[in-house]
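Presented below is the structure to which this report refers.
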Amino acid sequence: MRVTVVDHPLVAHKLSVLRDADTNSPVFRQLTEELVTLLAYEATRGVRVHDVEVTTPVATTTGTGLDKPTPLVVPILRAGLGMLEGMTRLVPTAEVGFLGMARNEQTLEAVTYAERLPDDLTGRQVFVLDPMLATGGTLREAIQFLFARGAEDVTCICLLAAPEGLEALESRLGDEHRVTIVLASIDERLDENGYIVPGLGDAGDRLYGVV
Ligand code: URA
């Protein structure tokens, strides 16, 4: 498993505004999209491409095309939905599938409540969107689910991670070379309620309100 923290002043700035408890939902949504586009630029470095012939107004040259099947983007409902637009802006030809996962607030275990994905993911490069890597339970379930369907590799784009969640994933997927985690920050810790500290609060609530 590979972990990349994107070190860029614009990422750090946008994340700081997201963390601010006074940032309202419309601004939070806008900034989340912008931040994901910056993270996605880094996360898609390994996307598979091939040479194509391009005729410019001046000459014929060799360009780059995205391989087919195109990457599959999987936002984890609900909060991952707030990251989708920022990702598809960068990779407009990507297909989009959905995984609905929630954590049981008592056990903090992930439960899958909805799924809309191709039955066969053989050979597919998959990008999972989930803003908060807290205990790691949701991502572990999602990654196992995608490999069980045949995914070739899985890159998870998150805004924040807790060290505890990364360690939990590492202990289960440490030798798994097909998994990459791309983040804006690794924060200090998890609190007793499973929130990332300092974090940004409940990402779903901040994006969409408390429902
Ligand atoms: N999920 C969130 O939305 N926030 C956290 O801090 C942890 C999990």
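Here numbering that gives the first Met the number 0 is used: position 84 in the sequence shown is 83, and no number is missing along the way. Think of the CB as a built atom: it goes at the ideal place given N, C-alpha and C, for glycine as much as any other residue. Just so you know, these numbers come straight off a predicted model, no measurement behind them.
Item: Residues passing the C-beta test against the ligand URA heavy atoms, cut-off 5 Å; Value: M131, A133, Y194, I195, G198, D201 and A202
Item: Run of the alpha helix (DSSP H) containing V16, from where it starts to where it stops; Value: P8 to R18
Item: Entirely enclosed beta strand (DSSP E) segments - the region 38 to 85, minimum 3 residues; Value: 48 to 54, 59 to 65 and 71 to 76
Item: A58 and I156 closer than 9 Å at C-beta; Value: no
Item: Q124, DSSP secondary structure in three states; Value: strand
Item: Any alpha helix (DSSP H) of 4 or more consecutive residues that is wholly inside the region 116 to 167; Value: 136 to 147
Item: Cβ-Cβ separation, T63 to V51 (assumed contact under 8 Å), whole Å; Value: 7 Å
Item: Proximity below 9 Å, CB of L30 to CB of P74; Value: no
Item: Residues that A101 bridges to, as DSSP identifies them; Value: V110
Item: Proximity to R177 [Cα-Cα], best of T92, I142 and G135; Value: I142
Item: Of the listed residues A133, R148, G81 and L80, nearest to V245 (C-alpha basis); Value: The structure shown does not extend to residue 245, since the chain is modelled only from 0 to 210, so the question has no answer here.
Item: Closest by C-alpha distance to V93, when choosing among K67, L80, M100 and Q105; Value: First, the residue type needs correcting, since residue 93 is Ala and not Val in the sequence shown. Checked all of K67, L80, M100 and Q105; the closest Cα to A93 is K67.
Item: Short CB-CB distance (under 9 Å) between G198 and chain D; Value: Although the question refers to chain D, the structure presented lacks it and comprises just one protein chain.
Item: Supposed contact pair I195 and L189 - C-beta distance, whole angstroms, cut 8 Å; Value: 6 Å
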